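Engineer:
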Amino acid sequence: MRLPFIFLLISTFVIGSLSSDGFIFCPRPIDDECPLDYKINDCCAQSECRAGDICCSEPCGNVCRRKSDTPMGIIFKDGTECELGHVYPKKWYQKAWDKIKSG
């Protein structure tokens with residue numbers, strides 16, 4: 003009587019562990035378009051998010067969100083150029099200076 007209960011308990015734990023690691027997608031973004039003229043990046047790497055969360059690229063910036071089982075959002079790829087915090091678009095003179103510096 004006790005053995006089937008222990009088996010059921012262990013198999014439930016194993017199946018639950020396997021299925022929770024299979025969700026590697028970002029959920030649908032909260033906003034379809036960003037109403038701001040700047041972005042706010044809360045994460046620039048997957049390691050900056052809590053356990054169970056994933057860094058997702060959204061219209062208003064990168065945010066840590068709970069993993070999803072359906073691919074509706076965009077995962078932030080580690081190594082992609084990113085700056086934490088408020089990121090404003092470059093002004094015309096900043097773009098010109100970057101062009102001069104690059105040759």
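The opening position of the sequence shown corresponds to residue 3 in the numbering used here, with each subsequent residue numbered one higher.
C-beta: ideal position from N, C-alpha, C; glycine also.
Computed from a predicted structure; not experimentally measured.
What residues match up with D55 in a beta bridge as DSSP calls it?
Structural biologist: Here the question's residue 55 lines up with position 53 in the sequence shown. Partner(s): R68.
Engineer: Can you name, in chain order, every residue of its own chain whose Cβ lies under 6 Å from the Cβ of C36, other than the five neighbours on each side?
Structural biologist: Within the sequence shown, the letter at position 34 stands for residue 36. P61 and C62, listed in sequence order.
Engineer: Counting C-beta neighbours from all protein chains within 10 Å, is the total for S104 16 or more, i.e. buried, or is it exposed?
Structural biologist: As a position in the sequence shown, residue 104 is number 102, starting the count at 1. Per the 10 Å Cβ criterion, exposed.
Engineer: How many whole angstroms separate the CB atoms of I2 and C51, which I take to be in contact at a CB cut-off of 8 Å?
Structural biologist: Here the chain has residues from 3 to 105 only, and residue 2 is not among them.
Engineer: By Cβ distance, which residues of its chain are closer than 7 Å to H88, with the 5 residues on each side in sequence left out?
Structural biologist: Start at 1 with the first residue of the sequence shown, and residue 88 comes out as number 86. Correct list, in chain order: Y40 and I42.
Engineer: Determine the direct distance from the alpha carbon of P91 to that of K97, and round the result to whole angstroms.
Structural biologist: As a first step, residue 97 must be located in the sequence shown, where it is residue number 95. As a first step, residue 91 must be located in the sequence shown, where it is residue number 89. So the alpha carbons of these two residues sit roughly 10 Å apart.
Engineer: Grouping DSSP H, G and I as helix and E and B as strand, with all else coil, what is I76?
Structural biologist: Counting from 1 along the sequence shown, the entry for residue 76 is found at position 74. I76 falls in the strand class under three-state DSSP.
Engineer: Give the secondary structure of E35 by DSSP, where H, G and I count as helix, E and B as strand, and everything else as coil.
Structural biologist: Start at 1 with the first residue of the sequence shown, and residue 35 comes out as number 33. If DSSP states are grouped into helix, strand and coil, E35 belongs with coil.
Engineer: Here's the rule I'm using: 16 or more other beta-carbon atoms within 10 Å means buried, otherwise exposed. How should I56 be labelled?
Structural biologist: In the sequence shown, counting from the first residue as 1, residue 56 sits at position 54. The residue in question, I56, is buried, as its Cβ has 16 or more Cβ neighbours within 10 Å.
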